[in-house]
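First up is the structure itself, then whatever we jot down about it.
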Amino acid sequence: MATAELTAHELIAKHRPTLDQALEAIRTRAYWSPHPEHPKAYGENGSLDAAAGKAAFDALLGSRLDLGQPGTDGWVGGETSPYGVELGVEYPHADIDELLPAMRSGMRQWRDAGAETRAVVCLEILKRISDRTHEFAHAVMHTSGQAFMMALQAGGPHAQDRGLEAVAYAYVEQVRTPDNAEWTKPQGKRDPLALNKRFTPVPRGIALLIGCNTFPTWNGYPGLFASLATGNAVLVKPHPRAVLPLALTVQVARQVLTEAGFDPNLVALAAERPGEGIAKTLATRPEIRIIDYTGSTEFGDWLEAHARQAQVYTEKAGVNTVVVDSTDDYKGMLSNLAFSLSLYSGQMCTTPQNLLIPRDGIRTDQGPKTYDEVVADLARAVDGLLGDDARANALLGALVNPDVKARLEAAPGLGEVALASREITHPEFPGAVVRTPVIVKLDGAKPDDESAYMSECFGPVSFAVAVDSSADAVELLRRTVREKGAMTVGAYTTDDEVEQAVQEVCFDEAAQLSLNLTGGVYVNQTAAFSDFHGSGGNPAANAALCDGAFVANRFRVVEVRREAQGLS
């Protein structure tokens, strides 16, 4: 074991104030973030500015990222950026039979370090990642297809916030039970019974993080840091198209663990050869006791059914729905929806898909609007937002994979097109596939249309579904969330009864609701320390980012009791 360069005392002095602020933030749910969103905030106190971050990323291209892991039996790579750039980075391929035992060997010391030390080590990892935010932004951009500013913010500070949030929840749950208790039970005339009891949070084992293509850090950090902070080792299995951001994360974590005097093999990478498909093999290994997964419903369901030895946390697919009943800010509603449909080409698990609009129209501050008028006005709002190609590129990013492009191209065959998608050329990356959203009109009363709007169509595809009334919209919302799940629900209404009805559906079906958003907050965005991402209560996800349930079952409390000295 390496000699510690960072002592627990030093790390506690450095990071305990941040941990305390995080604990207060999750208690109050007020806005707070220690990680700046603005690119110009970086460049001091050891952090990389924009030029240095870009240079660090460029230096990675065509390189071999040697993590010093045991069991390396070869090298793998092959990532191609959605922007058309060959990354050429090679990663260690692991012999799992050698790597997993090595990962377990450091867990006793990590367990014995205690909740506070584990938390501040995790915060040091996050601080080192934050210092390299510009470098990570390029890594996220060129693996996910996010536009640069979104990659910097969502892949950087917002992801780091979610990781810190998980550490804070993990700390709260572990210290809920005291380390020691003196227990005395009176026995009347006899001597009391006296025991000394010691309570130790013990990890479940090795956690497996199965990364996703679209948000490798944002979706990956909560599970990674929740497991690590509760004493578990973490094996990171990135999506084959998005290895680099999580490989860099593993690199940083291993460096910090080493400097803090812990075994670096507490965090390791499992990159795979093309077509190898190691996720199923890893997920059913007896050593794997926790799994975090973001991705398709099909594989999420498989994990829940087959990885029986593990505690499985999944975020799968859902059909996100917006009920449009009425509004007192018609222009603001259209602007807000247009942005929500366009951001990152709809490639977010929170992007609205179905807009349920009464066929007789809605009430607005601009007078009554028919269904056709609402849909046409929304199409114009999207067109206006994306009319300038430079602005469009900055909002849309690139399509992350050919499957998204295929769904987009098939969408016009599902119904009447209210807004056609158009191709946009990226001036810096001509190989990027950039497309504006398509809006298709469907009829909620037609069984043939139901198969379209009741299935997730991931990407820049939305359906304007005509329904008989707002009451029918509410019932269709209920059925959609119950049968298909939803990460987000939105509603626009000035009617108290409709608002109450929508809320009751969301309470009954455990769906997160946004009401009457017309400004700079959007249904597909959530803030760490305040908003819950998913609920764990409908088919879209069996966990929420982040709540106590997300961390509490990653460890168990083991009690050791003995008779108190001097008493019988």
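Take 607 as the starting number for the sequence shown in my numbering and just add one per residue.
Heads up, the beta-carbon is just placed ideally off N, CA and C, and yes, glycines get one too.
By the neighbour-count criterion, in which a residue is buried when 16 or more other Cβ atoms sit within 10 angstroms of its Cβ, Ala1097 is buried.
Per the C-alpha coordinates, the member of Leu909, Leu1014, Gly901 positioned closest to Ile894 is Leu909. Proximity to Ala743 across Arg804, Ala656, Ala1117, Ile632 peaks at Ala656, based on C-alpha coordinates.
Counting along the chain, the unbroken alpha helix (DSSP H) around Lys1011 starts and ends at 1008-1016. Here the alpha carbons of Glu1015 and Glu1110 stand approximately 37 Å from one another. Residues Ser951, Val1040 of the same chain have their beta carbon placed closer than 6 Å to that of Leu1002, with the five preceding and five following residues left out of the count. The segment 696-709 makes no contact with the segment 724-734; the number of CB pairs closer than 8 Å stays below 3. Boundaries of the beta strand (DSSP E) harbouring Tyr899: 894-900, taken from the DSSP string. Annotation note: the segment 960-992 contains the following uninterrupted beta strand (DSSP E) runs of length 3 or greater, listed N- to C-terminal: 960-964.
In the three-state DSSP reduction, Ala708 falls in the helix class (H, G or I). For Pro844, there is no enclosing alpha helix (DSSP H), as DSSP marks it with neither H nor E.
Across the structure, Gly649 and Thr823 are spaced so that their CA atoms are roughly 21 Å apart. Nearest neighbour of Ala1070 by Cα position, chosen from His748, Val1010, Ala1058, Pro870, turns out to be Ala1058. From the listed residues Thr1042, Asn1007, Ala1149, Arg965, the smallest Cα separation to Gly993 is found for Thr1042. Here the alpha carbon of Ile884 sits roughly 39 Å from the alpha carbon of Leu1082. Pairing Thr927 with Leu962 gives a Cβ-Cβ distance under 8 Å. Proximity to Ser711 across Pro870, Arg1013, Phe1035 peaks at Pro870, based on C-alpha coordinates. In this structure, Gln715 keeps its C-beta atom at 8 Å or more from the C-beta atom of Phe831. Around the beta carbon of Thr613, a 10 Å sphere encloses fewer than 16 other beta carbons of the protein chains shown; the residue is thus reported as exposed. For the pair Gly1065 and Ala1004, the Cα-to-Cα distance works out to about 11 Å. In this structure, Ala985 lies near Ile1045, with their beta-carbon atoms less than 8 Å apart. Taking C-beta atoms as the reference points, Ala1038 and Gly690 count as a pair closer than 8 Å.
For the options Val746, Ala998, His644, the alpha carbon positioned closest to that of Val1006 is the one of Val746. Arg724 and Pro958 have their C-alpha atoms roughly 38 Å apart. Arg738 is classed as buried because its beta carbon has at least 16 other beta carbons within 10 Å across all chains shown. Three or more Cβ pairs closer than 8 Å define a contact, and the segment 805-819 meets that threshold against the segment 832-848. The beta-bridge partner set that DSSP reports for Arg1168 consists of Asn802.
Following the DSSP letters along the chain, one finds Trp681 inside the beta strand (DSSP E) bounded by residues 678-682. By the Cβ-count criterion, Val1164 is exposed, with fewer than 16 other Cβ atoms from all chains shown falling within 10 Å of its own Cβ. Taking the C-beta atoms as reference points, Ala721 is found no nearer than 8 Å to Gln627. DSSP lists Val1163 as the bridge partner or partners of Pro807. Counting every other CB atom within 10 Å of its CB across the protein chains shown gives Arg796 a total below 16, marking it as exposed. With contacts defined by Cβ atoms closer than 8 Å, Pro640 and Thr624 form a contacting pair. In the assembly as shown, His740 is a buried residue. Its beta-carbon has 16 or more other beta-carbons within 10 Å. Asp664 and Asp966 have their C-alpha atoms spaced approximately 56 Å apart.
Exposed is the label assigned to Pro1033, since fewer than 16 other Cβ atoms lie within 10 Å of its Cβ.
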